[in-house]
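So in this note's numbering, the last spot in the sequence shown is 394, and the numbers never skip.
Glycine included, C-beta positions come from ideal geometry on N, C-alpha and C.
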Amino acid sequence: MIKPIHPFPARMAPELAIAELTRLKRNSIVLDPMSGSGTVVRHASELGLQAIGFDMDPLAVLMSRAWTTRVNVKTVQGMAVKAVAEATLLKPNAIKLPWIDEDQETKAFVSYWFGRKQQNDLRRLSFVLIRYANKAKKKEDVAAVDVLKIALSRIIVTKEQCASLARDTSHSRPHRVATKSDFEVLSAFERSVSYVTRLLESAPPKGKTKIKIGDARSLKLKAGTVDAVITSPPYLNAIDYMRGHRMALVWLGFSFADLRRIRSASIGAERAPDKAINDAVKEITAAMGTIKKMDSRHRAMIDRYAQDVALLMNEVSRVLKPGGKAIFVVGNSCLKGTFVQNSEAVACAGKKAGLKVKKKTVRALPERSRYLPMAAGALSMRMRTETVLTFIKN
1 MIKPIHPFPA RMAPELAIAE LTRLKRNSIV LDPMSGSGTV VRHASELGLQ
51 AIGFDMDPLA VLMSRAWTTR VNVKTVQGMA VKAVAEATLL KPNAIKLPWI
101 DEDQETKAFV SYWFGRKQQN DLRRLSFVLI RYANKAKKKE DVAAVDVLKI
151 ALSRIIVTKE QCASLARDTS HSRPHRVATK SDFEVLSAFE RSVSYVTRLL
201 ESAPPKGKTK IKIGDARSLK LKAGTVDAVI TSPPYLNAID YMRGHRMALV
251 WLGFSFADLR RIRSASIGAE RAPDKAINDA VKEITAAMGT IKKMDSRHRA
301 MIDRYAQDVA LLMNEVSRVL KPGGKAIFVV GNSCLKGTFV QNSEAVACAG
351 KKAGLKVKKK TVRALPERSR YLPMAAGALS MRMRTETVLT FIKN
């Protein structure tokens, strides 16, 4: 199995992705419209398939791109040595990070989550890496900068406390456990670069991949161009990826407001729909279970999810070739003790989009593969499974 280069709280089970991918003809075009850390895209590439991935989360796109793009390890290592040397010599007054310095909300976020010593070194590295990114023109240099950015993120998005004052950041559950730290950012960054380059050197990406920022509800792809879709969509009340990822993204050019907008627009966002729901969406909502007794806030969340899933499945149906296959791995949710069947929303929306459910299986969820809300009794057992739906486009 190919080892990932960055922590991710709920990546798709690689053995499941591989099992589906091996059934495809060589050079088939595979799409993961919510690619996350890039499991489907990377393994599709390994099998000689052409892979396309989209995600709204900038850190997910960055880690997928770094994990699936061929890179010259010596170029990365040389650039890392140069970056640390330049960062060490930088004077504080020479560093300008406008998305932090000119935004009080982002500045307050950084001050709360990072110690003064770590802030100073992260500012230096951030300034250098952003400059490298802006100057990079050759594909080789762009790929090298991506790896350096991932190496920086890896010392922030961690289980234990490292460059930040928090722990459990990699689980998207950051909580501050200190008010100051002696952590050495620059030396840790060098070790992180060494670790990532060793992984990439031991299992070089095969290429044939395209990873971009994109919304699964509005794909920038022509109709009827994809042979297969394999994905695991977000589900209600599960993992708020941005909660952990923003700890790194604020050092990669994103303000707190930028990240809040992405977070609130994502599928599964815990808020009401932006526009009125139609009868088709109401039918999808009804398929998710008995929710009439839930409070208005949670019913609105479910309506929004149903609306998002309807748009998603319409896009999947649009880009699939006739006879194309779509595999969805879907976890279910628990809201205030009520079991919510996200898998039924996907099945219902798929049918409405012109896709036929060919197969539906339920698999046990490995203990550490998801971070689910607590539930008791029979409900707890139901929450420890996920549903694999296979659709065919007629």
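The segment 178-198 makes no contact with the segment 279-292, as fewer than three CB pairs between them are under 8 Å.
Ranking Ala287, Ala228, Phe339 by CA distance to the CA of Val40 puts Ala228 first.
Here the alpha carbon of Arg167 sits roughly 47 Å from the alpha carbon of Pro322. Distances from the CA of Ala248 to each of Asp182, Leu21, Leu148 were compared; the closest alpha carbon is that of Leu148.
The segment 122-139 and the segment 168-178 do not touch, with fewer than 3 CB-CB distances between them shorter than 8 Å. Nearest neighbour of Val61 by Cα position, chosen from Ile267, Ile95, Gly214, turns out to be Gly214. When secondary structure is reduced to three states using DSSP, Leu31 falls in the strand class. Nearest to Lys360 by C-alpha distance, out of Gly337, Phe328, Phe114, is Phe328. Here Pro234 carries a coil assignment [DSSP, helix/strand/coil].
By the criterion of a C-beta distance shorter than 6 Å, Ala83 is surrounded in its chain by Val128, once the five residues flanking it on both sides are discounted.
Annotation for Glu386: the continuous beta strand (DSSP E) segment containing it runs 385-393. By the neighbour-count criterion, in which a residue is buried when 16 or more other Cβ atoms sit within 10 angstroms of its Cβ, Lys325 is buried.
Look at the beta carbons and you see the segment 249-259 not touching the segment 329-347: under three pairs across the two are nearer than 8 Å. By the Cβ neighbour-count rule, Tyr112 is exposed, with fewer than 16 other Cβ atoms within 10 Å of its own. When DSSP states are grouped into helix, strand and coil, Lys149 belongs to the helix group. Inclusion of Val73 and Leu236 in the CB contact set at 8 Å is not warranted, their separation being larger than that value. Under the three-state reduction of DSSP output, Leu365 falls in the coil class, being neither helix nor strand. The segment 206-262 contains, as complete alpha helix (DSSP H) runs of 4+ residues, the segments 241-249 (chain order). The shortest CA-to-CA distance from Ser343 to any of Leu59, Lys358, Val388, Leu355 is the one to Val388. Relative to Ala280, the option among Pro98, Ile262, Ala306, Lys3 whose CA is nearest is Ala306.
The C-alpha of Lys137 lies about 28 Å from the C-alpha of Asn120.
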